[in-house]
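**Q**
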Amino acid sequence: MKQFKGQALSWQVQSGIIELALHRDPCNELGSLSLNELEQFAGALDELEKDAHALIIFSEVKSGFCAGADLRELYEQSQAMDRRQAARGVRDFLERIHRVLNRIDGAPLTTIAAVHGVTFGGGFELALVCDLIIADKMARFCFPELRLGLIPGFGGIPRLKRDLGNAVVRDLLLTGRSFNATKAQQIGLVSQVVGEGEALRAARATAAQIGKFDRETVIAAKRFIKSIPIEELRTEIDVFCDLFSRPAVQAGLKKFVESTDAQPYLP
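Mapping to my numbering: the sequence shown position 11 is 1206, numbers consecutive.
#1: Is Leu1428 closer than 8 Å to Gly1317 when the C-beta atoms are compared?
#2: Measuring only the C-alpha atoms, how far is Val1413 from Phe1435?
#3: Within this structure, are the beta carbons of Ile1328 and Ala1302 separated by less than 8 Å?
#4: Quick check on DSSP: helix, strand or coil for Phe1199?
#5: Under the DSSP definition of a beta bridge, which residues are partnered with Ile1213?
#6: Please classify Pro1339: is it buried, with 16 or more other beta-carbons within 10 angstroms of its beta-carbon, or exposed?
#7: How should Phe1419 be labelled, buried or exposed, when 16 other C-beta atoms within 10 angstroms of its C-beta is the threshold for buried?
#8: Apart from the five residues just before and just after Leu1289, which ones in its own chain have a Cβ nearer than 8 Å to its Cβ?
#9: Suppose you measure from the CA of Pro1462 to the CA of Gln1209; what does that come to, to the nearest Å?
#10: Below 8 Å on the Cβ atoms is my guess for Thr1464 versus Ala1334; work out the distance and round it to an integer in Å.
#11: Between the stretch 1235 to 1252 and the stretch 1268 to 1275, can you find at least three pairs of beta-carbon atoms closer than 8 Å?
#12: Gln1380 and Val1388 - do their beta-carbons sit closer together than 8 Å?
#13: Do Ile1252 and Leu1321 come within 8 Å of each other at the CB atom, strictly closer than that value?
#14: Could you compute how far the alpha carbon of Glu1295 sits from the alpha carbon of Thr1306?
#15: Out of Ser1227, Lys1257, Leu1343, Ile1352, state which residue places its alpha-carbon closest to the alpha-carbon of Ile1292.
#16: Residue range of the beta strand (DSSP E) that Thr1401 falls in?
#17: Please name the residue, chosen from Leu1304, Val1256, Gly1201, that lies closest to Val1324 on a Cα-to-Cα basis.
#18: How far does the alpha helix (DSSP H) with Gly1284 in it reach, from first residue to last?
#19: If contacts are defined as beta-carbon pairs under 8 Å, then Ala1216 and Ser1229 qualify, I think. What distance do you get, rounded to the angstrom?
#20: I'd like to know whether the C-beta atoms of Val1256 and Asp1220 end up nearer to each other than 8 Å.
#21: Work out the CA separation of Ser1454 and Arg1354 for me, nearest whole Å.
#22: Can you name the start and end residues of the beta strand (DSSP E) that Gly1259 belongs to?
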């Protein structure tokens, strides 16, 4: 399937570049709908990769790249089940999204996240799957999960440890504060910072440049410098699931869901 138009995301291949567009209002929250369509995309990658050398993930939503997991859906589903069923449901969701993100992480393509605005929680983790992050100057990065009594659950901790120093990982994880695009570039998280609204254009130019090189050489280089921390990713799922069952987490989710703030995911 060379192109697809779904309710949460779309993709197409043009000039050897796969473009995966997120377009679920209000800010591309990752719930069951998004996961179902991401699984379709992961299943199509084997075929798409034959005619491509790069993948760009970007958002068509004005508010940002992605605000993270759909916490409202997560809370409502957990309330409709007993404790044991809820725990199984959360683990199943995490295992499914890990399979998708590991597939993108390990793709032979050069993968680029073109981000703007809110890049929080699971959205930050989606960006971390990519080889390169190109951010417009208004992008902000944050792991707000601690405010709910949780840790990132989509692979963020192991991938940050892979890519950055532990001091940065601890800062993001333990404080819950956000970094702007300039700070993100200074610490090595972002490869390019561009003007507002220019991230996708810059990502396309970068992908076109990569297309000039020998494909097998690029694949070999990526495999050499980028491993997938499988064991740590599995441990992250275990820790998240253990924390999720705590009453404090349910209380935090309830408060989030009942918030009347326009953007409760913001610091």
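All C-beta atoms in this analysis are idealised placements derived from N, C-alpha and C, irrespective of residue type, glycine included. This structure is a prediction, so every number in the text was calculated from the model and none was measured.
**A** In this structure, then:
#1: Position 122 of the sequence shown holds residue 1317. Position 233 of the sequence shown holds residue 1428. Result no, Cβ atoms of Gly1317 and Leu1428 do not sit closer than 8 Å.
#2: If you number the sequence shown from 1, residue 1413 lands on position 218. If you number the sequence shown from 1, residue 1435 lands on position 240. Rounded to whole angstroms, Val1413 to Phe1435 spans 35 Å at the Cα level.
#3: Your numbering for residue 1328 matches position 133 in the sequence shown. Your numbering for residue 1302 matches position 107 in the sequence shown. No, the Cβ-Cβ distance between Ile1328 and Ala1302 is not below 8 Å.
#4: As a position in the sequence shown, residue 1199 is number 4, starting the count at 1. It is a strand residue.
#5: As a working note, residue 1213 is residue 18 in the sequence shown. DSSP lists Val1208, Leu1250 as partners of Ile1213.
#6: The count along the sequence shown starts at 1 and reaches residue 1339 at position 144. Pro1339 should be labelled buried.
#7: Residue mapping note: residue 1419 aligns to position 224 of the sequence shown, counting from 1. By the 10 Å Cβ count, Phe1419 comes out exposed.
#8: By one-based count along the sequence shown, residue 1289 stands at place 94. So the qualifying residues of the chain are Gly1348, Phe1349, Ile1432, Phe1435, Cys1436.
#9: Stepping through the sequence shown from its first residue, residue 1462 is reached at position 267. Stepping through the sequence shown from its first residue, residue 1209 is reached at position 14. Interpretation of Pro1462 is limited by its pLDDT of 46, a score under 50 that renders its predicted location unreliable; the figure taken from the coordinates is listed afterwards. Spanning the two alpha carbons is a distance of roughly 38 Å.
#10: Beyond the ends of the chain as shown, which are 1196 and 1462, falls residue 1464; an answer cannot be given.
#11: no
#12: Position 193 of the sequence shown, counted from the first residue, corresponds to residue 1388. Position 185 of the sequence shown, counted from the first residue, corresponds to residue 1380. For Val1388 and Gln1380, yes; Cβs fall inside 8 Å.
#13: Counting from one through the sequence shown, the residue named residue 1321 turns up at place 126. Counting from one through the sequence shown, the residue named residue 1252 turns up at place 57. Cβ distance < 8 Å, so Leu1321 and Ile1252 count as in contact.
#14: Stepping through the sequence shown from its first residue, residue 1295 is reached at position 100. Stepping through the sequence shown from its first residue, residue 1306 is reached at position 111. For the record, residue 1295 in the displayed sequence is Val; it is not Glu. Take the alpha-carbon of Val1295 and the one of Thr1306: they are about 14 Å apart.
#15: Here residue 1292 refers to the residue found at position 97 when the sequence shown is read from its first residue. For the set Ser1227, Lys1257, Leu1343, Ile1352, the Cα lying nearest the Cα of Ile1292 is the one of Ser1227.
#16: Along the sequence shown, one-based indexing puts residue 1401 at 206. First-last for Thr1401: 1394 to 1405, but that is the alpha helix (DSSP H), not the beta strand (DSSP E).
#17: One-based indexing of the sequence shown puts residue 1324 at position 129. Nearest option by C-alpha distance: Leu1304.
#18: Within the sequence shown, numbered from 1, the residue matching residue 1284 stands at position 89. Per DSSP, Gly1284 belongs to the alpha helix (DSSP H) from 1278 to 1300.
#19: To locate residue 1216, count along the sequence shown from 1; it is residue 21. To locate residue 1229, count along the sequence shown from 1; it is residue 34. Actually they are not in contact, since the Cβ atoms of Ala1216 and Ser1229 sit about 12 Å apart, beyond 8 Å.
#20: Your numbering for residue 1256 matches position 61 in the sequence shown. Your numbering for residue 1220 matches position 25 in the sequence shown. Yes; because the gap between Cβ atoms is below 8 Å, this pair is in contact.
#21: Looking up residue 1354 in the sequence shown gives position 159. Looking up residue 1454 in the sequence shown gives position 259. Near 31 Å, if we compare the C-alpha coordinates of Ser1454 and Arg1354.
#22: As a first step, residue 1259 is located in the sequence shown; it is residue number 64 there, counting from the start. Per DSSP, the unbroken beta strand (DSSP E) holding Gly1259 starts and ends at 1259 to 1261.
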